[in-house]
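The block underneath contains the structure these notes are about, expressed in structure tokens.
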Amino acid sequence: MKNNKILIAFFIIILFSMNSVAATCNIIVITDPTGEDPNGAAAGSMSFESNMFQSTFLMSNERQFAVLSGGLGTSDLFIESIVASLATLENDASAASAASVANKYPGTRLIVGGPQMGAAIAGSFDAYVVVVNDEDNSITATPYSGGIAVLEPGEKGGIIHLRNSKGNPLMGSADSVRKEAAINMGKMIRDGYPATSIVAQTMGDVAKGSGERYGGGGVNIVSGISSGDMFTPAELNETGYPIDDPYAKVCDECGWAIGYPSAENHDQCPVCGSELRTIYAYDALDNTITVSEDSANVFVYGSEKMGLAPTTKEIVLASVDKNGYDASAIAGSINKGINNGLLVGVNYVEPKDINVKEGSSSVGVYFTPLPDGKTSPSWNLPLDSFVLNILGSVQIVIGIILILLVIFRGRLLKSFQNR
């Protein structure tokens, strides 16, 4: 309960600091009701509106459940409903009981669920409950509006809620998109896709069709992995990153990668000349929350420089694919990216700055921002700068630099070319 109190306190502080907002799209998918599949339950939220941040869903790693909120109520009603729902979950309430709390708070909506408890939606909503029958693989998609709707424990399926926000140019599309997305969710569950991939793909489809497209983000309920602030707005009262927009470009031949917006300036790989593949935000979400032996979950800390996180993630993925979960190799790849100008505004990293957790396919990268707005670290000249500082004569310093330029011109020319 202590962790929940901390999350609730953070949630309250954020809500009091921003304009009222709520998710207009909530999704939860359960493909493995036993809880054994590390990708067997996932959830996500997004909206056309601003202020979509990670606390639009709360997740318990220990208890393996998620609580997603939304609706048209006021901030204080959202808070009260979430707190009340968490309190019931602490007393081992069912998903239906925990979600039904929303019916006591006008305008609010709650979706509660996890791999073994099933899922439920209550309050103000327009949703489909999808059930996939294990025996004959039949798909049932049932519409509900208000009250409470339940995906029973032990069932494979999901819940998708969708409404259009005011001001959305695609106003009126929610009904048809909601139905189509529900049917496609059922097909992907039937065909054996992991819940994490289904949530990511569904969010991409919903964003394209309905315009409810700003992150938000998603969570892997079983493995306790979140997209964090990948798609959330940098400032309050702004929209997040569009889930259906390009997020990065990557070279499948050599692993070179670059994030948007810098990626707009590149169509071919500057290293090997190959055509670059575009990764959309929903693909990046899938890669982030899906646990795989072939793909790492990459988390970037220490700097919020635009484009740094997606570019770092693609560099790390390429390094892991080639060298495995080797902190030294990952650090070397990142430092090459800094030298090549792919990563700017941060200092070189060392293996100790790379936190590798191979068991959960996760890599954390801790950057140190450069001071005074510098974009790249100082050159590694073959002479300690301290020697220059003690010479005490501008003329002598200039003379020595000229000598260095002559003696080491090949090394410096290569450095310039790499930049």
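Residues 928 to 1346 in this note's numbering are what the sequence shown lists, from first letter to last. Even for Gly, the Cβ is constructed at its ideal location relative to N, Cα and C.
L1089 versus G1034, P1121, S974, residue with shortest Cα-Cα distance: Within the sequence shown, the letter at position 162 stands for residue 1089. Out of G1034, P1121, S974, S974 has the C-alpha closest to the C-alpha of L1089.
With DSSP run on the structure shown, which of helix, strand or coil describes Y1168? Sequence index remark: in the sequence shown, residue 1168 carries index 241 (1-based). It is coil, neither helix nor strand.
C-beta atoms of L1297 and W1183 nearer than 9 Å: Locating residue 1297 in the sequence shown gives position 370, where the first residue counts as 1. Locating residue 1183 in the sequence shown gives position 256, where the first residue counts as 1. Taking 9 Å as the Cβ cut-off, L1297 and W1183 do not qualify as a contacting pair.
How close, in whole Å, do the beta carbons of Y1141 and R1105 come, if the pair is a contact with beta carbons under 8 Å? If you number the sequence shown from 1, residue 1141 lands on position 214. If you number the sequence shown from 1, residue 1105 lands on position 178. Between Y1141 and R1105, the beta carbon gap of about 18 Å keeps them out of contact (Cβ cut-off 8 Å).
Between G1113 and I1148, what straight-line distance do the alpha-carbon atoms span, to the nearest angstrom? Translated into positions along the sequence shown, residue 1113 becomes position 186. Translated into positions along the sequence shown, residue 1148 becomes position 221. In a straight line, the C-alpha of G1113 is about 19 Å away from that of I1148.
Give the DSSP bridge partners of E1062, in chain order. Translated into positions along the sequence shown, residue 1062 becomes position 135. Partner(s): none; E1062 has no beta bridge.
Tell me which residues share the same chain as A1223 and place their Cβ nearer than 7 Å to its Cβ, disregarding the 5 neighbours each side in the sequence. Within the sequence shown, the letter at position 296 stands for residue 1223. Counting only Cβ-Cβ distances below 7 Å, and skipping sequence neighbours, we find V1243, L1244, V1247, S1288, S1289, V1290.
By Cβ distance below 6 Å, which residues in the same chain neighbour F1294 in space, the five residues on each side in sequence not counted? Counted from its first residue, the sequence shown places residue 1294 at position 367. If you ignore the 5 residues before and after F1294, its C-beta comes within less than 6 Å of the C-beta of G1229, S1230, V1273, all in its own chain and listed in chain order.
Could you tell me which whole beta strand (DSSP E) segments of length 3 or greater appear in the region 1228-1288? Listed in chain order, they are 1281-1284.
Please classify S1150: is it buried, with 16 or more other beta-carbons within 10 angstroms of its beta-carbon, or exposed? Counting from 1 along the sequence shown, the entry for residue 1150 is found at position 223. Note on S1150: 16 or more other CB atoms within 10 angstroms of its CB, so buried under the neighbour-count rule.
What number of angstroms, rounded off, separates the C-alpha of A1236 from the C-alpha of G1155? Here residue 1236 refers to the residue found at position 309 of the sequence shown. Here residue 1155 refers to the residue found at position 228 of the sequence shown. C-alpha separation (whole angstroms): 11 Å.
Please classify A1029: is it buried, with 16 or more other beta-carbons within 10 angstroms of its beta-carbon, or exposed? Walking along the sequence shown from the start, residue 1029 turns up at place 102. A1029 counts as buried, since at least 16 other C-beta atoms from the protein chains shown sit within 10 angstroms of its C-beta.
In the DSSP assignment, the alpha helix (DSSP H) including R1105 goes from what residue to what residue? The residue you call residue 1105 lines up with position 178 of the sequence shown. Note, R1105: alpha helix (DSSP H), 1101-1117.
Separation of G1145 from L1163, as counted between CA atoms: Along the sequence shown, read from residue 1 onward, the residue named residue 1163 stands at position 236. Along the sequence shown, read from residue 1 onward, the residue named residue 1145 stands at position 218. When only Cα atoms are considered, L1163 and G1145 end up about 19 Å apart.
Is it right to say K1176 is buried, meaning 16 or more other beta carbons lie within 10 angstroms of its own, or is it exposed? In the sequence shown, the residue the question calls residue 1176 occupies position 249. Around the beta carbon of K1176, 16 or more other beta carbons sit within 10 angstroms, so the residue counts as buried.
Spell out the partners DSSP gives R1204 in its beta bridges. Translated into positions along the sequence shown, residue 1204 becomes position 277. Answer is V1177, bridged to R1204.
CB K1130 to CB I1170, shorter than 9 Å? The residue labelled residue 1130 in the question sits at position 203 within the sequence shown. The residue labelled residue 1170 in the question sits at position 243 within the sequence shown. The question names Lys, yet the displayed sequence has Met at residue 1130. Taking 9 Å as the Cβ cut-off, M1130 and I1170 qualify as a contacting pair.
Determine, using beta-carbon pairs with one atom in the region 1038-1050 and one in the region 952-964, whether at least three such pairs fall under 8 Å. Yes, the region 1038-1050 touches the region 952-964.
How about N953 and I1086: do their beta carbons lie closer than 9 Å? Taking the first residue of the sequence shown as position 1, residue 953 is located at position 26. Taking the first residue of the sequence shown as position 1, residue 1086 is located at position 159. Yes, these two residues count as a Cβ contact at 9 Å.
Which one of N978, S1092, N1214, A1068 has the shortest CA to CA distance from T1159? Start at 1 with the first residue of the sequence shown, and residue 1159 comes out as number 232. Taking each of N978, S1092, N1214, A1068 in turn and checking the Cα distance to T1159, the smallest one comes out for N978.
Leaving out five residues before and five after T1302 in sequence, what residues of the same chain have Cβ atoms less than 7 Å from its Cβ? Along the sequence shown, read from residue 1 onward, the residue named residue 1302 stands at position 375. The residues are V1271, G1272.
Can you look up Q1128 in the DSSP assignment and give me helix, strand or coil? As a first step, residue 1128 is located in the sequence shown; it is residue number 201 there, counting from the start. The three-state secondary structure of Q1128, taken from DSSP, is helix.
Give every residue of the same chain whose Cβ lies closer than 6 Å to the Cβ of N1250, excluding the five residues on either side of it in the sequence, and list them in chain order. As a working note, residue 1250 is residue 323 in the sequence shown. Contacts found: A1256.
DSSP bridge partner residues for V1292 (one or two, in chain order): As a first step, residue 1292 must be located in the sequence shown, where it is residue number 365. Bridge partners of V1292: V1227, I1281.
Can you tell me where the beta strand (DSSP E) with A993 in it begins and where it stops? Stepping through the sequence shown from its first residue, residue 993 is reached at position 66. Secondary structure note for A993: its beta strand (DSSP E) is the uninterrupted segment 992-998.
S987 - containing beta strand (DSSP E), residue span: The residue labelled residue 987 in the question sits at position 60 within the sequence shown. Per DSSP, S987 belongs to the beta strand (DSSP E) from 984-987.
Count the other C-beta atoms from every protein chain shown that fall within 10 angstroms of the C-beta of G1264, then say buried if there are 16 or more, exposed otherwise. By 1-based counting over the sequence shown, the position of residue 1264 is 337. The Cβ neighbour count for G1264, taken over all protein chains shown within 10 Å, is at least 16; the residue is labelled buried.
Can you give me the Cβ contacts of E1180 inside the same chain, cut-off strictly under 6 Å, excluding the 5 residues immediately before and after it? What you label residue 1180 is simply residue 253 of the sequence shown in a count that begins at 1. Answer for E1180: C1199, S1201, listed in chain order.
Under the DSSP definition of a beta bridge, which residues are partnered with R1036? On the sequence shown, residue 1036 is found 109 positions in, with the first residue counted as 1. Answer is G997, G1050, bridged to R1036.
Going by DSSP, what residues sit across from M973 in a beta bridge? One-based indexing of the sequence shown puts residue 973 at position 46. M973 is bridged by DSSP to C952, G1142.
So, is N1214 buried or exposed, given that buried needs 16 or more other C-beta atoms within 10 angstroms? The sequence position of residue 1214 within the sequence shown is 287, counting from 1. With at least 16 other beta carbons inside 10 angstroms of its own, N1214 counts as buried.
In the structure shown, what three-state DSSP assignment does I1152 receive? The residue you call residue 1152 lines up with position 225 of the sequence shown. If DSSP states are grouped into helix, strand and coil, I1152 belongs with the strands.
Selection from V1010, F1005, K1083, G1234 that minimises the alpha carbon distance to G1041: The residue you call residue 1041 lines up with position 114 of the sequence shown. Proximity to G1041 across V1010, F1005, K1083, G1234 peaks at K1083, based on C-alpha coordinates.
Assumed close pair G971, V1126 - CB separation to whole angstroms, cut-off 8 Å: Locating residue 971 in the sequence shown gives position 44, where the first residue counts as 1. Locating residue 1126 in the sequence shown gives position 199, where the first residue counts as 1. Taking 8 Å as the upper bound for CB-CB distance, G971 and V1126 are in contact here, some 5 Å apart.
Kindly identify the DSSP beta-bridge partner or partners of V889. Residue 889 lies beyond the residue range present for the chain, which begins at 928 and ends at 1346; the question has no answer from this structure.
What's the gap between the Cα of I1216 and the Cα of S1008? The sequence position of residue 1216 within the sequence shown is 289, counting from 1. The sequence position of residue 1008 within the sequence shown is 81, counting from 1. About 27 Å.
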